[in-house]
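Residue numbers (full-length UniProt numbering): 1 to 220. Yeah, the Cβ is synthetic: ideal placement off N, Cα and C, and Gly gets one too. Only one structure is covered here, and it is reproduced in the block below.
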């Protein structure tokens, strides 16, 4: 949101889309934005994903690879975490810091370069609000497509501040990227894509998450 607006390198869209092309600056401002609790927040997200030994995971909008690196020890040497991001600068930064069981590709969430049913788990953190508004439903359908039947989805993104004044300021700074709010948006997009929502909640002060599952084909 605010961090992203400061660090956007370019945008082909006027409705919230764009890339962040300054990875070192992003990581620095993210640490400040999470008030020193970034690691604990993302450790919690990694646990919420359900990641375990041998899982194949894709992180949509992986940025600098921070969450992928949290997931890597959970899947072990038998598993793999793949990061996808439209910014070559972010992908290059992530590759230079990744363990052996992580890999990264340049690409967009609304057009993922992966076969159907490729992954046990799809995660996406602080990325949906960077996807063009008109493409967000397509992106969530893509998350459904690349999930195996019974696979799990975790999306986490900004929620409006509880303080009305802070919420208004955030809305002004974010512009169309955060309208409607992520809780409202995901409440519609995730079930519409065919996923069954199992839980929602908050992590830290600013993140709202949706945990969902792709139904088994015989039951969908």
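- If only uninterrupted alpha helix (DSSP H) runs of at least 4 residues are considered, those enclosed by the stretch 63-146 are 66-75, 88-97, 136-146.
- Less than 9 angstroms separates the beta-carbon of residue 19 from that of residue 87.
- In the three-state scheme derived from DSSP, where H, G and I count as helix and E and B as strand, residue 154 is classed as strand.
- In the DSSP assignment, residue 208 falls within the beta strand (DSSP E) that extends over 207-213.
- Exclusion of the five residues before and after residue 80 leaves 56, 101 as the residues of its chain whose Cβ lies within less than 6 angstroms of its Cβ.
- Annotation: the continuous alpha helix (DSSP H) that includes residue 27 extends over 23-33.
- In this structure, the straight-line span from the alpha carbon of residue 128 to that of residue 136 is close to 7 angstroms.
- Around the Cβ of residue 216, a 10 Å sphere holds fewer than 16 other Cβ atoms; the residue is exposed.
- Relative to residue 125, the option among 61, 31, 35 whose CA is nearest is 61.
- Within its own chain, the residues whose Cβ lies closer than 8 angstroms to the Cβ of residue 107, once the five positions on either side in sequence are excluded, are 84, 85, 86, 113, listed in chain order.
- Using a Cβ-Cβ distance cut-off of 8 angstroms, the stretch 116-123 and the stretch 183-195 are not in contact, since fewer than three pairs of beta carbons, one from each stretch, lie closer than that value.
- About 4 angstroms separates the CB atoms of residue 208 and residue 159; that is less than 8 angstroms, so the two are in contact.
- Taking 9 angstroms as the cut-off, the Cβ atoms of residue 45 and residue 154 count as close.
- Note: residue 60 is bridge-paired with 84 in the DSSP secondary-structure output.
- Of the residues assessed, residue 199 falls on the exposed side of the cut-off, its CB having fewer than 16 other CB atoms within 10 angstroms.
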